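Reviewing the structure listed below.
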Amino acid sequence: MNYAVIFAGGTGTRMNTKTRPKQFLTLHGKEIIIYTLEHFENHPDIDGISVVCIAEW
569 MNYAVIFAGG TGTRMNTKTR PKQFLTLHGK EIIIYTLEHF ENHPDIDGIS
619 VVCIAEW
């Protein structure tokens with residue numbers, strides 16, 4: 569079995585965001601992390617996904 573582990577624990581300080589981390593910013597109507605999740609979710613060789621992120625989010 570193949571599992572994807574997505575490390576989304578950054579705070580996006582270089583993006584100069586004060587309200588939310590970069591991975592939770594919206595791009596074309598979706599949060600950025602959703603694009604990553606969809607990529608792995610639709611991959612035929614991936615059996616499961618784990619996301620590691622900031623506890624507050």
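Okay, so the sequence shown: first residue is 569 according to the working numbering, each after it adds one. We treat Cβ as the ideally placed atom computed from N, Cα and C, and that holds for glycine. Note that the structure is a prediction, hence the values are computed from the model and not measured.
Identity of the residues DSSP links to residue i by a beta bridge
i	result
F575	V620
L595	K598
Residue i, enclosing alpha helix (DSSP H) - first and last residue
i	result
I614	From DSSP, I614 is part of no alpha helix (DSSP H); its letter is neither H nor E.
H607	600-609
Distance CB(residue i)-CB(residue j) smaller than 8 Å
i	j	result
K590	G578	yes
Separation of residue j from residue i, as counted between CA atoms
i	j	result
L593	E599	5 Å
N570	H607	14 Å
M583	I617	26 Å
H596	L605	15 Å
V619	E609	12 Å
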